[in-house]
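Notes for the one structure printed next.
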Amino acid sequence: MSSQVEERLKAAGIVIPAPTAPAANYIPFTRVGDLVFVSGQIPMVDGKIEGIGKVGRDLDTDAAKAIARICAINLLSQAKAATYGNLDKVVQVVKLGGFVNCVDDFTEQPEVINGASDLMVLAFESRGRHSRFAVGTNALPRGVSVEVEGVFQIEV
Amino acid sequence: MSSQVEERLKAAGIVIPAPTAPAANYIPFTRVGDLVFVSGQIPMVDGKIEGIGKVGRDLDTDAAKAIARICAINLLSQAKAATYGNLDKVVQVVKLGGFVNCVDDFTEQPEVINGASDLMVLAFESRGRHSRFAVGTNALPRGVSVEVEGVFQIEV
Amino acid sequence: MSSQVEERLKAAGIVIPAPTAPAANYIPFTRVGDLVFVSGQIPMVDGKIEGIGKVGRDLDTDAAKAIARICAINLLSQAKAATYGNLDKVVQVVKLGGFVNCVDDFTEQPEVINGASDLMVLAFESRGRHSRFAVGTNALPRGVSVEVEGVFQIEV
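Written as structure tokens, this is what we have:
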């Protein structure tokens, strides 16, 4: 499969990984009509968790932004599965929800989640622009620094 | 009413309670098309809050998982109201959003929220599998340990 | 433009501001079918952030409730843009998601977010009643006390 989206990503050195399998009774995505709801993605790379630590203590904003980008790549991996392998079928990125594991006085959650937002626009151009929230949290699964969920509109 | 869903739950010893009334200008659920958005549910049982405390300090993962299950039962109570009493009209559980009130170094939010996810699959079988996020938070309403919101697709 | 919604708000002394521009590759709202997803709004007033501080330490519940109301006004500003200037085209407020930047033992998140919920009902009357979640967080962008996202159903 060589969708235009994946060619753009490839030109930026990004390869979409195979989607991870569900870990429990939740699944990576659900589809209802033309909406795809993708579960919160953590920074898994080749089956291993990258990007553990509290932002503002263990890592800085730029490092966390790179981790948000990994979460976004994993969102694309699930969106690819939802479109039967063809990301060109994504009509628009509807929403991202970004959680940043940070110290209590950290205030740059938007800059961190831009790592995910920028990747969406790299992949989908104007169709990649989305609504979102970006908030802090005191704790995330496995101690990861960032978790990002997403909603996509796809051709059906 | 004896929907198949409620018979499965009954066999597991679970009775769906009457839905709680709204506490303010928000309401327990809204419907738009075939989507039902259910407000974040806390562990109310018979009008009293159960399950107060910070996970990792006041209670452990297993105890919190049982509390997440109560939240899920309350989600079903609202979904039942949204389907005019017949949970068999639920087409699929689209999404759960789970917040775990925990200490800063707690990392088992997924295991806690599995208490809600597992109940959805118990109730709806394969239609109960859903996307979700599971994150930590430093504080929840009334000091409860878990809050879970949900999106359901129903027959209309 | 003098929609009935804005006349009700005006009678309460509330003027809907011009929508803020997007700050990055995310945008203030997306529309998919008749659903509008509005990005998490912070308490910006005339381009300046109001309402910084941690609830339970720097400000109390009532002060935070007033800040949630500002977030809600900003949600309406975006909803107005999404309806091409006519808020009477809002069919219903579907959902609010409220995050309260608070100390670890704060438990009145619902009372804070009522500041946003009440404004929706002031603006839209019964159509303003919505599902929601209200949770705490240890940190928000720029140090604001409240962030609220929203989903609206509009006429299309």
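Chains as they are written, first to last, in numbering that gives the first Met the number 0: chain S, 0 to 155; chain Z, 0 to 155; chain X, 0 to 155. Beta carbons are placed, not taken as given, at the ideal position from N, Cα and C, and that holds for glycine.
Label residue i either buried or exposed according to how many other C-beta atoms from any shown protein chain fall within 10 Å of its C-beta, with 16 as the threshold for buried.
| i | result |
| --- | --- |
| S76 (chain X) | buried |
| A17 (chain Z) | exposed |
| S144 (chain S) | buried |
| S38 (chain S) | buried |
| S125 (chain S) | exposed |
| Y83 (chain Z) | exposed |
| K64 (chain Z) | buried |
| G55 (chain X) | buried |
| S130 (chain X) | buried |
| K9 (chain Z) | exposed |
| S116 (chain S) | buried |
| E6 (chain X) | exposed |
| A11 (chain Z) | exposed |
| E146 (chain X) | buried |
| Q3 (chain X) | exposed |
| V14 (chain X) | exposed |
| E154 (chain S) | exposed |
| G46 (chain S) | exposed |
| A20 (chain S) | exposed |
| V150 (chain X) | buried |
| V44 (chain S) | exposed |
Along chain X, which residues have their Cβ under 7 Å away from the Cβ of residue i?
| i | result |
| --- | --- |
| N137 (chain S) | N137 |
| L86 (chain S) | By Cβ distance, chain X contributes nothing, its closest Cβ being about 17 Å from L86 (chain S), past 7 Å. |
| E146 (chain Z) | F132, V134 |
In chain X, which residues lie less than 8 Å from residue i when you measure between Cβ atoms?
| i | result |
| --- | --- |
| G111 (chain Z) | Per the sequence shown, the amino acid found at residue 111 (chain Z) is Val instead of Gly. By Cβ distance, chain X contributes nothing, its closest Cβ being about 15 Å from V111 (chain Z), past 8 Å. |
| A81 (chain Z) | Those do not exist, as A81 (chain Z) stays about 10 Å from chain X at its closest Cβ, beyond 8 Å. |
Could you check what DSSP says for residue i in three-state terms: helix, strand or coil?
| i | result |
| --- | --- |
| V14 (chain Z) | coil |
| V120 (chain X) | helix |
| I153 (chain S) | strand |
| T19 (chain X) | coil |
| L95 (chain S) | strand |
| V102 (chain X) | coil |
| K53 (chain S) | coil |
| S125 (chain Z) | helix |
| E146 (chain S) | strand |
Determine the chain S residues that contact residue i at a beta-carbon separation under 7 Å, and present them in chain order.
| i | result |
| --- | --- |
| T29 (chain X) | Q91, V93, K94, H129, S130 |
| F105 (chain Z) | A138 |
Just reading off the alpha helix (DSSP H) that residue i is part of, what are its end residues?
| i | result |
| --- | --- |
| T159 (chain Z) | As shown, chain Z starts at 0 and ends at 155. That puts residue 159 (chain Z) outside it, with no answer to give. |
Identify the contact partners of residue i in chain S, using a Cβ-Cβ distance below 8 Å as the criterion.
| i | result |
| --- | --- |
| G142 (chain X) | D104, T106 |
| I26 (chain X) | R128, H129, S130 |
For residue i, go through chain Z and note every residue whose CB falls closer than 8 Å to its CB, in chain order.
| i | result |
| --- | --- |
| A133 (chain X) | G39, P140 |
| A23 (chain S) | P109, N113, S116, D117 |
Looking at the C-beta of residue i, does it have a partner C-beta in chain A at a distance below 7 Å?
| i | result |
| --- | --- |
| Q152 (chain Z) | Reference to chain A is not applicable here, since the protein chains of this structure are S, Z and X. |
Which residues mark the beginning and the end of the beta strand (DSSP E) in which residue i is found?
| i | result |
| --- | --- |
| S38 (chain Z) | 34-40 |
| V134 (chain S) | 130-136 |
| V31 (chain S) | 28-31 |
Which chain X residues sit within Cβ distance under 9 Å of residue i?
| i | result |
| --- | --- |
| L34 (chain S) | V31, G32, L34 |
- [ ] Could you please tell me which residues of the region 50-75 of chain X, in chain order, have their CB closer than 8 Å to any CB of chain S?
- [x] Answer set for the region 50-75 of chain X: K53.
Task: Near-chain Z residues of the region 114-128 of chain X - C-beta to any C-beta below 8 Å - done: For the region 114-128 of chain X, the residues whose beta carbon sits under 8 Å from a beta carbon of chain Z are, in order, S116, D117, M119, V120, G127, R128.
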